[in-house]
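Below you'll find the structure, written out as structure tokens, and then a few comments.
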Amino acid sequence: MRDMLDQKLKRFEELEQAMSDPAVQADSARMAAAAREHGSLAKLCHRFRDFKRINAQIVEAREMMDGDDPEMAELAESEMPALKEEREALWAELLDMTIGGEDANRTRCIMEIRAGTGGEEAALFARDLYEMYKRHAANKGWKVEVMDSNESDMGGFSRLTMAFEGEGVFRELQYESGGHRVQRVPETETQGRVHTSAATVAVMPEPEDVEIDLKAEDY
Numbered sequence: 012m013r014d015m016l017d018q019k020l021k022r023f024e025e026l027e028q029a030m031s032d033p034a035v036q037a038d039s040a041r042m043a044a045a046a047r048e049h050g051s052l053a054k055l056c057h058r059f060r061d062f063k064r065i066n067a068q069i070v071e072a073r074e075m076m077d078g079d080d081p082e083m084a085e086l087a088e089s090e091m092p093a094l095k096e097e098r099e100a101l102w103a104e105l106l107d108m109t110i111g112g113e114d115a116n117r118t119r120c121i122m123e124i125r126a127g128t129g130g131e132e133a134a135l136f137a138r139d140l141y142e143m144y145k146r147h148a149a150n151k152g153w154k155v156e157v158m159d160s161n162e163s164d165m166g167g168f169s170r171l172t173m174a175f176e177g178e179g180v181f182r183e184l185q186y187e188s189g190g191h192r193v194q195r196v197p198e199t200e201t202q203g204r205v206h207t208s209a210a211t212v213a214v215m216p217e218p219e220d221v222e223i224d225l226k227a228e229d230y
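Rendered as structure tokens:
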């Protein structure tokens, strides 16, 4: 999701530049089109700028907490809870703004993890992704159920399907879909060489249960 927001902010800033270009200002059609697109992105991008500003303040506060000045460290530590709370609120608002329709309120979703290139190490990476998402779900209070899996010889997964259930689960996880890569010295490597392994993640909303009231005359 961060990549998507960065792209929208980049486009927003390009439009800001375009609207100050005399050539664009002289062309009423181009100016109107740029202004419309700029306006459609404005609220989201202003919120994302706020989020990035707060995030930078958190990074700075952490550096101060690790610094040599005890007074500054104490001050930074006292400010950290409020900064984190503001960041969480902004992130929740960004999620609401970027995900519309009924999918925003889905409480159940299906995730499929498939090992990609990298052989046995890719299967181990798929296992690591599974463990990461399982821990995240536990932290969020979501329920997790493994529906199907193909385990590799070394305990990895060539493929794994899992179900999540909890408040805002699809809203948060849907942007995990796509390719994931890792560069590391794998457990299967005996000579200390760095390998690149890949896995793909697909996240789909699980259809909600629908109650149908059948009357006697329907039978």
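Residue numbers (our numbering): 12 to 230. We treat Cβ as the ideally placed atom computed from N, Cα and C, and that holds for glycine.
Looking at the DSSP output, residue 216 bridges to 120. The DSSP-derived three-state label of residue 209 is strand. Contact between residue 91 and residue 84 fails: their C-beta atoms lie close to 11 angstroms from each other, not under 8 angstroms.
Our two residues, residue 185 and residue 140, have alpha carbons roughly 15 angstroms apart in a direct line. DSSP, reduced to helix, strand and coil, places residue 128 outside both helices and strands of the structure shown, so it counts as coil.
Assigned with DSSP and collapsed to three states, residue 170 falls in strand. Beta-bridge analysis with DSSP links residue 64 to no other residue. Note on the segment 21-77: there is no whole beta strand (DSSP E) run with a minimum of 3 residues. Note: residue 160 is bridge-paired with 171 in the DSSP secondary-structure output.
When rounded, the separation of the alpha-carbon atoms in residue 53 and residue 167 is 44 angstroms.
Going by beta carbons, residue 89 and residue 131 fall outside the 8 angstroms limit. Straight-line spacing of the CA atoms in residue 45 and residue 19 works out to 14 angstroms. Shown here, residue 98 sits in a helix according to DSSP, grouped into three states. Rounded to the nearest whole angstrom, the CA to CA distance from residue 68 to residue 101 is 14 angstroms. Excluding sequence positions up to five before and after residue 104, its CB lies within less than 8 angstroms of the CB of 58, all in the same chain and listed in chain order. For residue 193, no alpha helix (DSSP H) encloses it; the enclosing beta strand (DSSP E) starts and ends at 189-195. Under a 10 Å Cβ-count criterion, residue 122 is classified as buried, with 16 or more other Cβ atoms of the shown protein chains found around its own Cβ.
Residue 98 is positioned such that its CB atom lies closer than 8 angstroms to that of residue 62. The DSSP-derived three-state label of residue 88 is helix. Cβ contact annotation for residue 117 (same chain, cutoff 8 angstroms, sequence separation greater than five): 180, 181, 182, 216, 217, 219, in chain order.
Shown here for residue 176: same chain residues with a beta carbon closer than 7 angstroms to its own, the five before and five after excluded, namely 118, 119, 153, 154 in chain order. In its chain, beyond the 5 residues on either side, 209 have a beta carbon closer than 6 angstroms to the beta carbon of residue 128. Of the residues 86, 142, 24, 190, the one whose Cα lies closest to the Cα of residue 51 is 24.
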